[in-house]
Every structure is written in C-alpha cells, then in structure tokens.
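Quick note on numbering: full-length UniProt numbering labels position 29 of the sequence shown as 29, and the sequence is numbered without any gaps. Beta carbons are placed, not taken as given, at the ideal position from N, Cα and C, and that holds for glycine. Fair warning: this is a prediction, and the values are worked out from it, not measured in the lab. One structure is given here, and the rest of the page talks about it.
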Amino acid sequence: MCERNVVKISDFGMARKVIRGCIYHKQRNDPLPVKWLALECISCRKFSTQSDVWAFGVLLWEMFSLGAVPYADIQTYEELYRLLRDGYRMEKPLYADEKIYDIMLSCWFVNVDLRPLFDKLASTFNGMLPSELWNRYIVLNELYERSNHLREQPPEIECSLEVGSPAEVAPPIPTHHFE
C-alpha cells in the first residue's frame, strides 16, 4: 500500500518480462512461493502469464480474507500439490461475495487456457464499479503507465562525473595507532 492508498502488487518470486502466450521454464532451484504457484509451476516448473493469473487468484483470496494465510492448515508442499491436483480449492473468504469467489475459482482452473486473461479480469472488475470510480481508475492507471514509459526511455542527455583521485576527494586515513 503506497501513498493515497494505491496498491502495488510485486512479483511472486518469478518477475520476468514474458510475452503473452510464452512460457518460461525455471532452470535453477531457488526457493519459490509455493502457496501462490499454479500446478504447472510446481509440477513442470513452467511459468507464464496464466500462472500469474493463478497467483492473482490467491492474492484475491488473501485480500477478501483480510490477510489470512492461504492453505494455513496444509502441512507440506507435497500435500498441497496433491490436494490441488485432486481438485481442492480454498473456501470462499468471509468478505467475498459469490461473484468475487467465482472469479477466484476461475483463476485456479487446472487448464491454463480456461483461466481468464488479465484484461478480462480488469474489465470484469471495472464492470463492478460505479462509472465515476472506473474513470478514476483509468486516470490513475494512465499516470503509472506514463511514468513507466518515461523510465524505459533512454536519457536524452549524457552526464559524466569526473572525480579526482581518492586522496583529493576523501580525507586521508590517519596513520597513527589508537591505544
């Protein structure tokens, strides 16, 4: 949560710039946030935009449960994988209505092609808002898109900094010994 209650979602441990439809195969054995991983991430180490949709569904569950720990009663990652593979999904959080819970469930489809795309999710959530809030969201999003675009642009001017030798810049190190 940032200034003016702007929510920023950071990566789930696999930040990569991926083109829609492309799949990233994880090669190394770095630790992963298993409770947010889609089944194909756990079993085959395949990561895609659609596996991010699964993680987004877990994030929604966290939000509508007011920060409860997902899969809190499940003891091992192997047990979690087996349960998810066999069709287990977290129950509807207390503060989610049926429509929100249906969105969560759609994010957790085993078949990646059945999971909603992020643009579909955005339009679904926009449809739930009064139009005055929807327009405010768009303006907010445009500001961040513009900011991101500016950060990606190469600098227009080149800067250089010339510094003298360390002896000219920093004070000399004392040579006497302290007792």
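Under the three-state reduction of DSSP, which class applies to F47: helix, strand or coil?
-> As a working note, residue 47 is residue 47 in the sequence shown. Per DSSP, reduced to three states, the secondary structure at F47 is strand.
Short Cβ contact (8 angstroms threshold) for V53 with W36 | As a working mapping, residue 53 is identified with position 53 in the sequence shown. As a working mapping, residue 36 is identified with position 36 in the sequence shown. By the CB criterion at 8 angstroms, V53 and W36 fall outside the cutoff.
Could you check what DSSP says for G67 in three-state terms: helix, strand or coil?
-> Start at 1 with the first residue of the sequence shown, and residue 67 comes out as number 67. DSSP places G67 in coil when its eight states are reduced to three.
For D113, which of helix, strand or coil comes out of DSSP?
-> As a first step, residue 113 is located in the sequence shown; it is residue number 113 there, counting from the start. Three-state DSSP puts D113 in a helix.
According to the neighbour-count rule (16 or more other Cβ atoms, all chains shown, within 10 Å of its Cβ), is M90 buried or exposed?
-> As a working note, residue 90 is residue 90 in the sequence shown. When all chains shown are included, M90 counts as buried.
Are D34 and Y88 closer than 8 angstroms when you measure CB to CB?
-> Along the sequence shown, read from residue 1 onward, the residue named residue 34 stands at position 34. Along the sequence shown, read from residue 1 onward, the residue named residue 88 stands at position 88. A small fix is needed here, since residue 34 is Val in this sequence, not Asp. At the C-beta level, V34 and Y88 stay beyond 8 angstroms of one another.
Is the region 55-69 close to the region 91-98, with three or more CB pairs under 8 angstroms?
-> Here the region 55-69 lies against the region 91-98, with 3 or more beta-carbon pairs under 8 angstroms apart.
With 16 other CB atoms within 10 Å as the buried threshold, where does C107 fall?
-> The residue given as residue 107 occupies position 107 in the sequence shown. C107 counts as buried, since at least 16 other C-beta atoms from the protein chains shown sit within 10 angstroms of its C-beta.
Taking the alpha carbon of W134 as the point to measure from, which residue in E145, L143, A122 has its own alpha carbon closest?
-> Counted from its first residue, the sequence shown places residue 134 at position 134. The closest CA to that of W134, considering only E145, L143, A122, is found on A122.
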